[in-house]
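A quick write-up on the structure given underneath.
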Amino acid sequence: MKQLEFKILSNDRIAKGTYLMKLSGDASDCAPGRFVNLRIAGKFLRRPISVCDADAETLTLIYKVVGQGTRQMAEMGVGETLDLLTGLGNGYDTEKSGSCPLLLGGGVGVPPLYKLAKQLIAEGKTVKVILGFNSKDEVFFEKEFAALGAEVSVCTADGSYGMRGFVTDAIASVGEYTYFYTCGPEPMLRAVSAATATSGQMSFEERMGCGFGVCMGCSCETLTGYKRICRDGPIMEKEEIKWPTSR
Amino acid sequence: MADLKVTLAGLTLDNPLIPASGTFGYGYEMAELYDINLLGSFSFKGTTAAPRFGNPTPRIAETASGMLNAVGLQNPGVDRVLSDELPRLTEVFHKKVIANVGGFSVEEYAETTAKLAAHDAVGILEVNISCPNVHDGGMSFGTSAKAAEEVTRAVRRVTDKPIFMKLSPNVTDITEIARACEAGGADGISLINTLMGMRIDLARRRPLIKNRTGGLSGPAIFPVALRMVYDVYRAVKLPIIGMGGIASAEDVIEMMMAGATATQIGAMNLVDPYICRDILEKLPDVMKRYGIERLSDIIGAAH
Ligand SMILES: Cc1cc2nc3c(=O)[nH]c(=O)nc-3n(C[C@H](O)[C@H](O)[C@H](O)COP(=O)(O)OP(=O)(O)OC[C@H]3O[C@@H](n4cnc5c(N)ncnc54)[C@H](O)[C@@H]3O)c2cc1C
Ligand SMILES: Cc1cc2nc3c(=O)[nH]c(=O)nc-3n(C[C@H](O)[C@H](O)[C@H](O)COP(=O)(O)O)c2cc1C
Ligand code: FES
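Taken in sequence, the protein lines are chains A and B. Under the numbering used here, think of the first position of the first sequence as 1, with each following residue one higher. Under the numbering used here, think of the first position of the second sequence as 248, with each following residue one higher.
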């Protein structure tokens, strides 16, 4: 973990309620599936946001405005600075992917899959991607994934764009795959876990106190013991997840 | 040169800065950031006799200038703390550490205290009779003078190491509890633990925290904590570890003027992981500004 200052290079709306923020700073600790925890003026707790893309000097985040903190982020301008904790979380393990991994993203669960797709393709793998959104006006990054060389399918819950239905409804149409990676709301992760034939990794969310493992605010029970989503996660393997019986 | 040393029940600390229990893990995550041996000591996560997962999530909610937590004393249990956590802790922290003890019965407090006290690295036992996040015990010992005295007597019997009783602010008269701990043989008092609070999710029309209530900490509670330290200083002759919302070198000095011999920093570690180191760096300048040469001279100066 590092505490670093980043400068906003751009901050633009890319879909309904969804913004892409490009930042300059030392992003060397930003592997796919990891996250940053950012400070927002006047807010006590930091806000966790996944790494969407990063190279040595730039970091891309995609976020949805859901409350006061993200609303304040959307109002920030080019040149303003942000205080970030970087290098948080375990990140996706690409070694287990096999030759043809399937990536499934739902809503703002799509961003962390971007850098993952980039890395898997750089490793010579054939990457299939299914992106799911509520409706057409929320769709983003279809072209960006295609430009990496991934085979992309899009579905919307209301059928206003691409296939009608959830990401799990699209699995049958993508053919063979060797492994999966997914990020999205918990009900979607659960559905993906049930609908996939292979092993895979999924990214979890929880309300966090610190984001770096010291407060026990984000614990979850797994079949391999108690884990902190911020430090032992947010990525977990399908086989270790203990789904809650009621929520 | 500014003298930052303070002495807590016979244990001299290089400075009065102590990360608070539950906000610094077992030290090693923080040791990745800076040399935590700069600090006076630190208090590790509350330990119970048996392993505990704690409460269901969400356990955390934001508030104005602070946060609620309902972790519920998650810890691997005293045996694994001794076999797994303390060996790792002593690799990164070479001074005496404060062992924070949680419990659900008088016997359990005594048993866990005895086991932790036997470890060389443990300099002080901090007995938490104030956790608001466990239903069947915890805070109930800290809200009755009789029970507080009983727990104090029980842990007193099992060790000669200094015992600090950690008090709850969720009481009508905190001085009454402090006096009961003094009567029971405590060597010092730690205060305050978190204040009971709640937040509601407007969309779901339900409490944000799954356990419904949580403990409030952070800068929001500083004046409440300060007042209680001030009152307890008058009520007992014991040294006090003051905490609750400390966020700056000025806050440390203010807390000491109210009567604290040393101070703990809690919630601020979670959002500003370098806060303890930064406060330590700033202390000499702030002392100079207020004409303080020896920090220990100002303990209780406001009385
Ligand atoms: C590991 C991780 C990665 C994430 N990555 C992304 C991402 O790439 N893009 C994106 O849009 N969102 C992401 N989120 C969710 C994002 O953190 C929340 O949407 C954001 O914190 C909301 O802040 P707010 O101030 O607008 O909302 P408020 O509701 O006002 O926030 C109040 C408090 O609740 C917390 N909170 C609210 N919603 C969530 C949530 N869903 N998860 C965790 N904490 C929450 C906030 O951090 C804050 O402490 C991620 C969450 C986690 C845990
Ligand atoms: C996430 C969290 C976990 C805590 N866990 C414990 C604990 O295990 N034992 C304990 O005595 N106090 C615990 N506390 C209370 C703190 O040690 C401290 O008394 C309180 O938070 C007030 O200080 P602060 O405002 O600086 O945080 C916890 C506080 C927080 C925020
Ligand atoms: S958020 Fe603090 S341990 Fe995970």
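Note that CB positions come from ideal geometry on N, CA and C, so glycine has one too. Owing to the predicted nature of the structure, the values given are computational and were not obtained by experimental measurement.
- The beta-carbon distance between Thr295/B and Asn322/B, rounded to whole angstroms, is 6 Å. This is short enough to meet the 8 Å contact definition.
- Its Cα nearest to that of Leu189/A, the residue Gln201/A stands out among Gly209/A, Gln201/A, Asp55/A and Ser97/A.
- Rounded to whole angstroms, the separation of the alpha carbons of Leu61/A and Met76/A is 14 Å.
- Lys343/B sits close to Gly370/B, with the two beta carbons spaced by under 8 Å.
- For Ser28/A, the shortest C-beta to heavy atom distance toward ligand 2 is 7 Å or greater.
- The continuous stretches of alpha helix (DSSP H) do not include Leu280/B, and DSSP gives it neither H nor E.
- About 5 Å separates the Cβ atoms of Ile468/B and Gly492/B, confirming a contact at the 8 Å cut-off.
- For Thr222/A, the enclosing beta strand (DSSP E) has its first and last residue at Ser219 to Thr222.
- Burial check for Arg46/A: the Cβ neighbour count within 10 Å reaches 16 or more, so the residue is buried.
- Residue-level contact check: Arg452/B does not touch chain A, since none of the beta carbons of chain A fall below 8 Å from its beta carbon.
- Checking the DSSP bridge columns, you'll see Leu264/B partnered with Thr510/B.
- Under the three-pair Cβ rule at 8 Å, the stretch 104 to 117 of chain A counts as touching the stretch 166 to 182 of chain A.
- Under the three-state reduction of DSSP, Thr70/A is assigned to helix.
- DSSP, reduced to helix, strand and coil, places Arg536/B within a helical segment of the structure shown.
- Within the same chain, Glu206, Met208, Arg228, Ile229 and Cys230 come within 6 Å of Cys218/A by CB-CB distance, once the 5 residues on both sides are set aside.
- For Met502/B, the enclosing alpha helix (DSSP H) begins and ends at Ala496 to Ala505.
- Around Leu45/A, the beta-carbon contacts reaching into chain B at under 8 Å are Ile307, Glu309, Met314, Leu517 and Val518.
- Distance from the Cα of Thr94/A is smallest, within the candidate group Lys242/A, Pro244/A, Thr245/A and Glu237/A, for Glu237/A.
- At least 8 Å separates the beta-carbon of Leu485/B from that of Gly431/B.
- The residues Val353, in chain order, have a CB closer than 6 Å to that of Glu397/B in the same chain once the five nearest residues on each side in sequence are set aside.
- About 6 Å separates the beta carbons of Thr198/A and Thr178/A, which is inside the 8 Å limit, making them a contact pair.
- Per DSSP, the unbroken alpha helix (DSSP H) holding Glu142/A starts and ends at Glu142 to Leu148.
- Of Ile345/B, Gly269/B and Val339/B, the smallest CA-CA separation from Leu260/B is found for Ile345/B.
- Those residues of the stretch 194 to 210 of chain A placed with their C-beta closer than 9 Å to a C-beta in chain B are Glu206, Arg207, Met208, Gly209 and Cys210, ordered along the chain.
- Interface residue (Cβ-Cβ distance to chain B less than 8 Å): Phe35/A is not classified as such.
- In the three-state reduction of the DSSP assignment, Ile421/B falls in the helix class, which pools H, G and I.
- For Ile376/B, the secondary structure class from DSSP, reduced to helix, strand or coil, is coil.
- In terms of beta-carbon proximity, Met277/B lines the interface with chain A, with at least one pair separated by less than 8 Å.
- Cβ-Cβ distances below 7 Å link Val339/B to Gly274, Tyr275, Ala278 and Ile283 in the same chain, with the five nearest sequence neighbours on each side left out; the list follows chain order.
- Just so you know, the alpha carbons of Asn262/B and Ala249/B end up roughly 11 Å apart.
- Counted as a single uninterrupted DSSP element, the stretch harbouring Leu23/A is not any alpha helix (DSSP H) but the beta strand (DSSP E) occupying residues Thr18 to Ser24.
- Annotated as distal: Phe212/A and Met314/B, with beta-carbon spacing of 8 Å or more.
- Restricting attention to Lys252/B, Val318/B and Lys393/B, the CA atom closest to the CA of Gly269/B is found in Val318/B.
- CA-CA distance, Gly132/A to Ser99/A, rounds to 23 Å.
- Here DSSP, grouped into helix, strand and coil, assigns Glu237/A to strand.
- Asp12/A: not part of any alpha helix (DSSP H); member of the beta strand (DSSP E) spanning Lys2 to Ala15, first to last residue.
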